[in-house]
Amino acid sequence: MAARQVWRLDLAYEGTAYRGWAAQPGHSTVQGLLEEALATVLRQRVRLSVAGRTDAGVHAWAQVASFACAPVEVAPERLRLSLNALLPPDVAVLRAAPAPTDFVARQATSRSYRYELWATAVKPVRQRAFVWAVRGAVDSAALRTVAALLPGRRDFAALTPSARMYRSCIREVTAAAWRDAGPTPDGEGRRWLFEITADGFLHNMVRVAVGSMVDVAQGRMSPEAFAAALACGERRRMGQTAPARGLALVAVSYEARRPGDGPGAGPAVTPPGSG
Numbered sequence: 005m006a007a008r009q010v011w012r013l014d015l016a017y018e019g020t021a022y023r024g025w026a027a028q029p030g031h032s033t034v035q036g037l038l039e040e041a042l043a044t045v046l047r048q049r050v051r052l053s054v055a056g057r058t059d060a061g062v063h064a065w066a067q068v069a070s071f072a073c074a075p076v077e078v079a080p081e082r083l084r085l086s087l088n089a090l091l092p093p094d095v096a097v098l099r100a101a102p103a104p105t106d107f108v109a110r111q112a113t114s115r116s117y118r119y120e121l122w123a124t125a126v127k128p129v130r131q132r133a134f135v136w137a138v139r140g141a142v143d144s145a146a147l148r149t150v151a152a153l154l155p156g157r158r159d160f161a162a163l164t165p166s167a168r169m170y171r172s173c174i175r176e177v178t179a180a181a182w183r184d185a186g187p188t189p190d191g192e193g194r195r196w197l198f199e200i201t202a203d204g205f206l207h208n209m210v211r212v213a214v215g216s217m218v219d220v221a222q223g224r225m226s227p228e229a230f231a232a233a234l235a236c237g238e239r240r241r242m243g244q245t246a247p248a249r250g251l252a253l254v255a256v257s258y259e260a261r262r263p264g265d266g267p268g269a270g271p272a273v274t275p276p277g278s279g
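The numbering of the sequence shown is this note's numbering, which starts it at 5 and goes up by one.
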């Protein structure tokens, strides 16, 4: 069998204009753009693997992708520059590097997402593509109380509309917390950042969690109802789904797994995306 090269690409992109990461016929996606650019530069077709299959409108500031190809003679920096010359301004290759032959981007051991929430009566015109602005007071103690229920290894079926697409909805959340990020730029509101790390995420998992936590913080749902919904595994008992625009993939890790570690069984069929 002919030798194969494996490459790792570190990426950043604004997801506003795209139908998510995964290639879809007739739609503009980040994977589709990158694979076309790679075909032009490498003069061969490749298929990308990715750490986080972001959904439509979700951003990534620290995405990792990989591909295997027939051997090519190209310097890593030349590959990076050539790809960026073909990509639109909202997608960037931050780094290109040869990788071990067994490296597969989707086998990341953890991913971290950040969600930005503004409690303000003023429309965030300049930042509208990156934040969710809600009117009315937000109870910070309630946000923190329900966020503290998320860490641990359990079935998170309640946080996805696509539970039937997975063999198992068990995931391990290692960190989940809200932090006060100070006033909004106009001084009229408050910024809140939700940060969560897990070995894997279900479709819409972060957005359902955020939307439901905001429902608790604004009095539309009790902390007890949130806890009960999380335990019973029924999406219909959770709250709203937060908009995609406030969510971004911010870190990916490939630390060695221990035997028995890792997310639950993968999807029974390919889910639409994560986060």
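In this text, a Cβ means the ideal position worked out from N, Cα and C, and glycines have one as well.
Let's test the definition: count the other Cβ atoms within 10 Å of the Cβ of residue i and tell me whether it reaches 16, buried, or not, exposed.
| i | result |
| --- | --- |
| Asp59 | buried |
| Thr274 | With a pLDDT of only 49 at Thr274, under 50, the local geometry of the prediction cannot be trusted, and no value is derived from it. |
| Pro187 | exposed |
| His31 | exposed |
| Tyr22 | buried |
| Cys236 | exposed |
| Thr164 | buried |
| Trp196 | buried |
| Thr33 | buried |
| Gly156 | exposed |
| Glu18 | buried |
| Gly223 | exposed |
| Ala260 | exposed |
| Asp203 | buried |
| Val62 | buried |
Following the continuous beta strand (DSSP E) through residue i, name the residue where it begins and the one where it ends.
| i | result |
| --- | --- |
| Asp219 | From DSSP, Asp219 is part of no beta strand (DSSP E) but of the alpha helix (DSSP H) over Met209 to Ala221. |
| Leu15 | Gln9 to Tyr17 |
| Gln35 | First-last for Gln35: Val34 to Leu46, but that is the alpha helix (DSSP H), not the beta strand (DSSP E). |
| Trp25 | From DSSP, Trp25 is part of no beta strand (DSSP E); its letter is neither H nor E. |
| Ala63 | Ala is not the amino acid found at residue 63; the sequence shown has His there. It spans His63 to Cys73 - the beta strand (DSSP E) in which His63 sits, taken as one unbroken run. |
| Val256 | Leu251 to Ser257 |
Closer than 7 Å: is that where the CB of residue i sits relative to any heavy atom of the ligand SAM?
| i | result |
| --- | --- |
| Ala64 | The ligand SAM is absent from the structure shown, which contains no ligands of any kind. |
Looking only at its chain, what residues have a beta carbon closer than 8 Å to the beta carbon of residue i, apart from the 5 residues adjacent to it on each side?
| i | result |
| --- | --- |
| Phe71 | Val10, Trp11, Leu13, Leu42, Val50, Arg51, Leu52 and Ser53 |
| Ser226 | Val220 |
| Pro104 | Val10 |
Keeping to the same chain, check which residues put their C-beta closer than 7 Å to that of residue i; ignore five residues upstream and five downstream.
| i | result |
| --- | --- |
| Ala55 | Gln67, Val68, Ala109, Arg110, Ala112, Arg115 and Val256 |
| Leu234 | Leu153 and Ala162 |
| Gln48 | Cys73 and Ala74 |
| Ala213 | Leu154 and Leu163 |
| Ala26 | Thr33, Gln35, Arg57 and Gly277 |
Output needed for residue i: all residues of its chain with C-beta closer than 6 Å, excluding positions within five of it in sequence on either side, in chain order.
| i | result |
| --- | --- |
| Pro271 | Reliability of the predicted coordinates at Pro271 is poor, the pLDDT of 46 falling under 50, and the value obtained from them is presented with this limitation in mind. The answer, listed in chain order, is Met169 and Tyr170. |
| Ala101 | Arg12 and Pro80 |
| Gly215 | Gly243, Gln244, Thr245 and Ala246 |
| Ala252 | His63, Trp65 and Arg118 |
Suppose contacts are defined by Cβ-Cβ distances below 8 Å. Is residue i in contact with residue j by that definition?
| i | j | result |
| --- | --- | --- |
| Leu83 | Val45 | yes |
| Val150 | Val220 | yes |
| Gly250 | Trp136 | yes |
| Thr245 | Ala133 | no |
| Val3 | Leu121 | Here the chain covers residues 5 to 279 and nothing more, so residue 3 does not appear. |
| Val254 | Arg148 | no |
| Ala145 | Ala123 | no |
| Leu206 | Arg240 | no |
| Val95 | Leu37 | yes |
| Phe160 | Trp182 | no |
Which residue comes first and which comes last in the alpha helix (DSSP H) that contains residue i?
| i | result |
| --- | --- |
| Ala232 | Pro227 to Cys236 |
Inset, instruction - Just list the alpha helix (DSSP H) runs in the segment 90-160, keeping only unbroken ones of 4 residues or longer that don't cross its boundaries, in chain order. - result: As far as the segment 90-160 is concerned, its whole alpha helix (DSSP H) runs of at least 4 residues are 144-151.
Legend entry - Any alpha helix (DSSP H) of 4 or more consecutive residues that is wholly inside the segment 162-198: If only uninterrupted alpha helix (DSSP H) runs of at least 4 residues are considered, none is enclosed by the segment 162-198.
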